[in-house]
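Q:
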Amino acid sequence: MSDTTTRRVVEASNRQQGDHPSGDNRFELVDKHLKRARYEQDQLIETLHVAQDVFGYLSEDILIYVARALRLPPSMVYGVATFYHLFTFEPPGDHSCTVCTGTACFVKGADAIVQGVSDAYSVPTGETSADGSLTLKTARCLGSCGLAPVVVLDGSVLSHQNAESTLELVGTAVGGEG
Amino acid sequence: MRERQPAVNVSFDGVEYEGLLGESVLECARRNGVAIPSLCFLEGLTVWGGCRICVVEVAEGHRLRPACATQVAADMEIKIETPRLRAYRKSVLELLFAEGNHVCAVCVSNGNCELQDMAVHCGMDHVRYDYQSPAREVDASHPKYVFDPNRCILCTRCVRVCDEIEGAHVWDIRHRGQQAELITEMNKPWGESLSCTWCGKCVAVCPTGSLAYQGSAIGEMEHDPVMIKRLAVARNRGEWLDPKGVS
Amino acid sequence: MAAPIDLHEVMEREREERFRTRWRVKACSSTACLSAGAGATIKAVEDLVEREDMALEVQVIPTGCMGLCSAGPLVRMMRRGGDESDYQKVTPEAAIEIVRSHVLDEQPVPEYELDVTMPFFTSQERVVLANGGVINPDRIESYVAHGGYQALEKALTTMKPKQVIEQIRLSRIRGRGGAGYPVASKWGLLASAPGKTKYVVANGDEGDPGAYMDRTIMEDDPHRVIEGIAIAAYATGASEAYIYVRAEYPRAIERLDRAIRVARRNRLLGRKILDTNFNLSVEVRIGAGAFVCGEETALLASIEGLRGTPRLRPPYPTEKGLWGAPTMINNVETLANIAPIIDRGGEWFASLGTEKSTGTKVFALAGDITNTGLIEVPMGTSLREIVADIGGGVPNGKEFKAAQTGGPSGGCIPAKFLDTSVDYDSLRELGSIMGSGGLIVMDEDVKMPDVAKYFMEFSMDESCGKCTPCRAGTVQMHSLLQRLTEGNGSKQDLRDLEHLCSVVRDTSLCGLGQAAPNPVISTLQYFRSEYEALIHEEEVVHA
């Protein structure tokens, strides 16, 4: 989530409870986008981006909300949302570790990093560990091939990684919370 | 009513036929009684072009074209039964059989199944590829119909008929690639769907035993895809409108 | 309505600004250098300037990619009207040392100096990337100062749309997105398409793993893309345009968004552009993680807010595209070439490169190679020159084994073809494709069946699922490759794999499916023995 989004989310939830008919003021931010987009149906993907930015993930309620607002069939909204891999339908973990598996990173051993983190935290790729502390993802080339293998830990790009170095940094991030 | 389109010469496997400009190669073949195997195509619905069973060779050595989505042109030479195309059709069918769980012996549509007919027509007697044996749950929550995703070949006839003819858009596809799956509404049980009108058109058009009437026993389920053609033709001609032209 | 931007006045002003200080420090602030710590480096210099009151002596200019990503952060010291020194791996401490040494003592710092006489720099020919490391991408003035929007002004005020297309035709430029379709033909098709509403779409959905040319162009020179779009729209009669960018490129999205706003304010977009009768609105649309959306019909579906599944062609987008209106899709790199072509003429462009592949091409060099980074060379440069000279060869004393181009739709070119000229047709003859420009070098340790399996897994995951051969065929090819690479495959498996390659190539609906078998086909063609060595027939028969 970008800084500006975080700020806006905080502002929205600070306003009085119940300002938005749903009882959750974060929907205001979605409404704002919808209004700006004049409720055009082709704005579905943009709206889902905004909603995911605001809520962190797309719950069924959010999808239904968007479907109603844009007057689209729910099955269609669900079909579109699940087609694109950047949309997630589960709340994310406290920390996220994204390993780039682009060709350059593959050639330089990205697989071992994924395996290493996956084993150490018993979290399958694309999922969140049972305690909710870590989400492990892979990315299709982050375009930083000169720095391969690349890992993105909580938004910061780590270059020239291997399994040990990544595990150490992930350990610090996750463990740092105590 | 449609005006008669200009006629041109086309040939299927070297035999000359009359083609009409504006029609597809598949329509032309059907009209002339020439068999081109196909699965996802259904007269009355928009062309999807996904099953790739109906690919034909147009002119020498060129890229293959789906017959359902290729317009007839003058002096078109269309090849259907070449060794390469036969082999390809068989492989594509094998891929379909390997990806779902198609066990004819226990299927409600055994004997009335387009996929099965196609396998017979194309001489597909075994599958070379690894069965994926996906674990998919049958949805029997609807009072009238059953959806068995194991037998779905993602032809999207049901999606299209529900959207284009019935206007309900209950069905859609979720995910993509090998995870692609048919869903109703927000992936909720069909029986809980608020938009389903119980019209049964999806069941009528299903080419396999994936959509069926509740309570059908093995081999009992008969589909009626031609109904959609009747509906679409009637709609095009406005047959249920006031004959005086008040619409 | 505000008056449009006066390009010549801005140029004048920028010139004065350039000569205001004795020193200019240009610091690469592209993604790669930022990841290597360029942010801290730039901050250190800015702090130094403030602390030691150097503002009248030194100005700090963050720029786009300077190219040699493996040596980042990169910094360039420029003396007024004089010499330049380039530095590599500039830490904050080093930056302070370098700036002080230059400004106070007029001395370079050899320790960090970057040898700009090495082939990596001298063998390049920068057209698309001409502004990389030169301009500040956040300032339209900086772009204008280096000739920006001159081509648009020239086209709008002195050329008819037909004459613009004529220059593109003379340039013989081909689409940079992969297939290499002649750009002028596409423009001509859209120009002659009937109807009032027409769209131009810039394809910035660069999904090939190992490719980041388009991202760099969009991040470092957003106005160049916008100028290319505006010229394209003027030539073809379009009044609306979209730039489709993958969501994985947030900086590119942000910069393009800002550039569009600024361009509109300066009457370079919007209504009555530069006081002519030409109107154009441009909007950024964001992808959401689907490789297939690089395919043009899938991209259109995605802009319309639908599942990104390809549509049947014909009808081609130039007849029936976005919402049924004629639409032309050009790759971002293609569009970045347009302003220089109009500026300097189609014939100048055609003099670069080869007869059938004119101009230059940007490549992202990565993998087992000394100099990783972004390069731009004339078409027809040999693969050997790119790998051995510009790339500095394979590190750690290893042997070059293959170069992979075209990503999951391309192939692996073995050492014996190192002297091949890199152009559309030569690469195609070798069973690979130009693709968008990812070039990944592999050394002797890389096993080719593993590479094929890697790409097949990619295609399998990215298949949209619409057509049977791509959806189910990639799964079966992947499982055959899995079996083979684990040493459990049989000769029959290899035969099945080859057969499936032809089935999927010939019967798939879109380019992604049709090209999905390419990595297998090309590695089988050149490295068949590696596959055969994996087969232990007796064991399998026994099992």
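Chains as they are written, first to last, in our numbering: chain A, 1 to 178; chain B, 1 to 247; chain C, 1 to 543. Note that CB positions come from ideal geometry on N, CA and C, so glycine has one too.
For Asn162(A), which option in Ala81(A), Val107(A), His85(A), Glu40(A) has the closest C-alpha, if you only look at C-alpha atoms?
A: That would be Val107(A), whose Cα lies nearest to the Cα of Asn162(A).
Q: Buried or exposed: which applies to Gln5(B), given that a residue is buried once 16 or more other Cβ atoms fall within 10 Å of its Cβ?
A: Classification of Gln5(B): exposed, given that the 10 Å Cβ count is below 16.
Q: In this structure, does DSSP put Arg20(C) in helix, strand or coil?
A: Coil.
Q: Listing by chain order, which chain B residues have their CB less than 9 Å from the CB of Cys464(C)?
A: Within 9 Å Cβ-Cβ: Arg176, Gly177, Ala180.
Q: Starting from Lys79(B), trace the beta strand (DSSP E) in both directions and tell me its first and last residue.
A: 76 to 79 is the extent of the beta strand (DSSP E) around Lys79(B).
Q: Write down the C-beta distance between Cys69(C) and Gly146(A) rounded to the nearest angstrom, noting that I regard them as a contact closer than 8 Å.
A: About 3 Å separates the two Cβ atoms, so the contact holds.
Q: To the nearest angstrom, report how far apart Ser185(C) and Ser508(C) are at their CA atoms.
A: Ser185(C) and Ser508(C): Cα-Cα distance of roughly 26 Å.
Q: Which residues, in order along the segment 46 to 74 of chain A, keep a beta-carbon less than 7 Å from a beta-carbon of chain B?
A: Answer in chain order: Glu60, Leu63, Ile64, Pro73, Pro74.
Q: Taking DSSP as the reference, what is the three-state secondary structure of Cys185(A)?
A: One cannot answer for residue 185(A) here, as it falls past the ends of chain A, which runs 1 to 178.
Q: How is the beta strand (DSSP E) around Leu153(A) delimited, first residue to last?
A: Residues 151 to 153.
Q: What is the DSSP secondary structure of Trp171(B), counted as helix, strand or coil?
A: Trp171(B) falls in the strand class under three-state DSSP.
Q: Taking only beta-carbon positions, decide if Val446(C) is within less than 8 Å of chain A.
A: Answer yes: the Cβ-Cβ gap between Val446(C) and chain A drops below 8 Å somewhere.
Q: Can you have a look at Tyr186(A) and say buried or exposed, based on whether 16 or more other CB atoms are within 10 angstroms of its CB?
A: No statement about residue 186(A) is possible, as the shown extent of chain A runs from 1 to 178 and does not include it.
Q: Anything in chain C within Cβ reach of Val55(B), meaning under 7 Å, just list it in chain order.
A: Within chain C, the residues near Val55(B) are Thr507.
Q: In whole angstroms, what separates the C-alpha of Tyr65(A) from that of Gly23(A)?
A: Approximately 13 Å between the Cα atoms of the pair.
Q: Secondary structure at Asn236(B), three-state DSSP: helix, strand or coil?
A: In the structure shown, Asn236(B) sits in a helix (DSSP, three-state: H, G or I).
Q: Show which residues of chain A have a CB atom less than 8 Å away from the CB atom of Met442(C).
A: Under the 8 Å cutoff, chain A gives Val107.
Q: Could you check whether the segment 366 to 382 of chain C touches the segment 149 to 157 of chain A, counting it as contact only if at least three pairs of C-beta atoms, one from each stretch, sit closer than 8 Å?
A: Short answer: they don't touch.
Q: Pick out the complete alpha helix (DSSP H) segments inside the segment 324 to 348 of chain C, 4 residues or longer, and give them in chain order.
A: Qualifying alpha helix (DSSP H) stretches, in chain order: 332 to 336, 338 to 344.
Q: When every heavy atom of the ligand COA is checked, does at least one fall within less than 7 Å of the C-beta of Tyr57(A)?
A: Ligands are entirely absent from the displayed structure, and the ligand COA is therefore not among its contents.
Q: Interface residues of chain E around Ala104(A) at Cβ under 8 Å?
A: Although the question refers to chain E, the structure presented lacks it and instead comprises the protein chains A, B and C.
Q: How about Gly100(B) and Gly219(B): do their beta carbons lie closer than 8 Å?
A: Contact: no.
Q: Ser109(B) to Met221(B), Cα distance in whole Å?
A: Each residue's Cα considered, the two are about 5 Å apart.
Q: By DSSP, does Phe12(B) sit in helix, in strand, or in coil?
A: Correct three-state label for Phe12(B): strand.
Q: Quick one, which of Leu142(A), Phe27(A), Gly175(A), Gly116(A) has its alpha-carbon nearest Ser59(A)'s?
A: Checked all of Leu142(A), Phe27(A), Gly175(A), Gly116(A); the closest Cα to Ser59(A) is Phe27(A).
Q: Of the residues that make up the segment 77 to 92 of chain A, which ones have a beta carbon closer than 9 Å to any beta carbon in chain B?
A: The residues in question are Val77, Tyr78, Gly79, Val80, Ala81, Thr82, Phe83, Tyr84, His85.
Q: Which value, in whole angstroms, describes the spacing of the CA atoms of Tyr249(C) and Asp125(B)?
A: Taking the straight line joining both Cα atoms gives about 49 Å.
Q: Closer than 8 Å, Cβ to Cβ, to anything on chain C: give me those residues from the segment 140 to 157 of chain A, in chain order.
A: Of all residues in the segment 140 to 157 of chain A, Arg140, Cys141, Leu142, Gly143, Ser144, Cys145, Gly146, Leu147, Ala148, Val150, Val157 have a Cβ within less than 8 Å of some Cβ in chain C.
Q: Closer than 7 Å by beta-carbon distance: list the chain B residues that pair up with Cys467(C), in chain order.
A: Per Cβ cutoff of 7 Å: Gly50, Arg52.
Q: Quick check on the burial criterion: 16 or more other C-beta atoms within 10 angstroms. Buried or exposed for Val49(C)?
A: Result: buried.
Q: Specify, as a first and last residue, the run of the beta strand (DSSP E) that Thr360(C) falls within.
A: From DSSP, the beta strand (DSSP E) with Thr360(C) extends over 360 to 367.
Q: Between Ser122(A) and chain C, is the shortest Cβ-Cβ distance under 8 Å, so that the two count as touching?
A: No, no contact with chain C.
Q: Alpha carbon to alpha carbon, how far is Arg307(C) from Arg15(C)?
A: Using only the alpha carbons, I get a separation of about 49 Å.
Q: Looking at chain B, is there any beta carbon in it that lies within less than 8 Å of the beta carbon of Ile535(C)?
A: False, the Cβ-Cβ gap to chain B never drops below 8 Å.
Q: Mark Ala51(A) as exposed unless 16 or more other C-beta atoms lie within 10 angstroms of its C-beta, in which case mark it buried.
A: The residue is buried, with at least 16 neighbouring Cβ atoms inside 10 Å.
Q: Assuming Glu57(B) contacts Lys79(B) under a Cβ cut-off of 8 Å, what Cβ separation, rounded to an integer in Å, is found between them?
A: Yes, Glu57(B) and Lys79(B) are in contact; Cβ-Cβ is about 4 Å, under 8 Å.
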